[in-house]
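For reference, the structure discussed in these notes is given below.
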């Protein structure tokens, strides 16, 4: 393998990241359109990359394009021009009459021109987009509102190991993606999320935006995010609401029997 030390941009809507440079390898996470990846190694048509959240894995070259457009365009350097997709997905109509689906959790550049809102694709194509489906990267005052909105969008989405898109989520990918929309950065895996300096244990009544971590054999293996004082959203089989309060209609006896703790996010 050869050292690369360059960057690439994800050009496809959703890009699979594997444990090894092979499609038969384990899917460990997903990258979304416009994500900038640091290339640290290469093997044939595969790149070993570092994702935005620090995760490391292998991606096939056909998901990627050069980072030149990103690096040379001052518009893309301005954080005020970037927006999270908060709808489950965006359906964009392209110039050739085809469509492109942009997933929930994607961070895309946007601008307004003649009272019409547009996004840019990595190939520099300008496409009209619904601003109501987006939330600004620099907007920090809608934490609880964004969590509730995300819940409504993502309920019943299938479980997918390594998933971080409308096609499917695993438990930690779901929590990380929802908090991204709220501009709260957490690591990718639940075992690392619980160690983040962005959270502290909450010994009081749970509140919206709190995280609940579950352990099996002293190992953190599941996580959810509270959407009210009693229920949390999580991905297990599919994205759903559950509670460890036996008086709640969504009470889950299996999870309540596990060891669990609640944490709150600092400075939201």
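Numbering (the working numbering), first residue to last: 3 to 270.
For every residue, glycine included, the Cβ atom is placed at its ideal position computed from N, Cα and C.
Within the continuous beta strand (DSSP E) that includes residue i, where are the two ends?
i           : result
residue 210 : Where residue 210 is concerned, there is no enclosing beta strand (DSSP E), given that its DSSP letter is neither H nor E.
residue 203 : 201-203
residue 226 : 221-228
residue 36  : Where residue 36 is concerned, there is no enclosing beta strand (DSSP E), given that its DSSP letter is neither H nor E.
residue 135 : Residue 135 -> no beta strand (DSSP E), and no H or E assigned at all.
residue 59  : 58-62
Residues in the same chain with beta-carbon distance under 8 Å from residue i, minus the five sequence neighbours each way, listed in chain order, please.
i           : result
residue 187 : 55, 181, 200
residue 126 : 71
residue 204 : 212, 264, 265, 266
residue 246 : 214, 253, 254, 257, 258, 262
residue 88  : 106, 135, 136, 137, 148, 151, 152, 155, 183
residue 202 : 265, 266, 268
residue 225 : 173, 174, 177, 192, 195, 196, 213, 214, 215, 216, 236
residue 210 : 146, 149, 150, 228, 229, 230, 231
What separation, rounded to the nearest whole angstrom, lies between the Cα atoms of residue i and residue j?
i           : j           : result
residue 145 : residue 184 : 5 Å
residue 41  : residue 95  : 31 Å
residue 3   : residue 189 : Its pLDDT being 48, under 50, residue 3 is placed unreliably by the model, and the measurement read from it follows with that caveat. So the two alpha carbons sit approximately 27 Å from each other.
residue 161 : residue 37  : 23 Å
residue 69  : residue 11  : 5 Å
residue 104 : residue 79  : 21 Å
residue 59  : residue 50  : 6 Å
residue 175 : residue 165 : 6 Å
residue 173 : residue 239 : 10 Å
residue 177 : residue 195 : 9 Å
residue 217 : residue 206 : 20 Å
residue 271 : residue 39  : This structure leaves residue 271 out entirely; the chain is present only between 3 and 270.
residue 237 : residue 140 : 28 Å
residue 61  : residue 197 : 27 Å
residue 73  : residue 8   : 12 Å
residue 48  : residue 249 : 51 Å
Following the continuous alpha helix (DSSP H) through residue i, name the residue where it begins and the one where it ends.
i           : result
residue 154 : 145-156
residue 192 : 192-195
residue 173 : 173-183
residue 258 : 255-258
Identify which residue in the options has its Cα closest to the Cα of residue i.
i           : options            : result
residue 232 : 208, 99, 178       : 208
residue 228 : 213, 222, 242, 220 : 213
residue 52  : 21, 124, 78, 149   : 21
residue 221 : 198, 192, 242      : 192
residue 260 : 95, 223, 83        : 223
residue 66  : 32, 77, 98, 96     : 32
residue 276 : 268, 219, 202, 109 : Because the chain is modelled from 3 through 270, residue 276 falls outside the range shown and cannot be assessed.
residue 170 : 30, 206, 76, 217   : 30
residue 142 : 102, 81, 159, 117  : 81
residue 92  : 98, 242, 115, 34   : 34
residue 23  : 46, 8, 39          : 46
residue 15  : 159, 101, 114, 97  : 101
residue 179 : 77, 76, 44, 241    : 241
residue 159 : 243, 77, 114       : 243
Sorted by chain position, which residues of the same chain lie with C-beta nearer than 6 Å to residue i's C-beta, five sequence neighbours on each side aside?
i           : result
residue 90  : 106, 155, 168
residue 138 : 85
residue 27  : 20, 21
Tell me which same chain residues have a C-beta within less than 7 Å of the C-beta of residue i, skipping the five on either side of it?
i           : result
residue 150 : 229
residue 112 : 83, 85, 119, 120, 121, 131, 136
residue 251 : none
Following a CB-centred definition, is residue i positioned closer than 6 Å to any heavy atom of the ligand GTP?
i          : result
residue 45 : The model depicted lacks the ligand GTP and carries no ligand whatsoever.
**OP:** Scan the segment 75-130 and note each continuous alpha helix (DSSP H) run of 4 residues or more that stays entirely inside, going in chain order.
**Re:** 76-79
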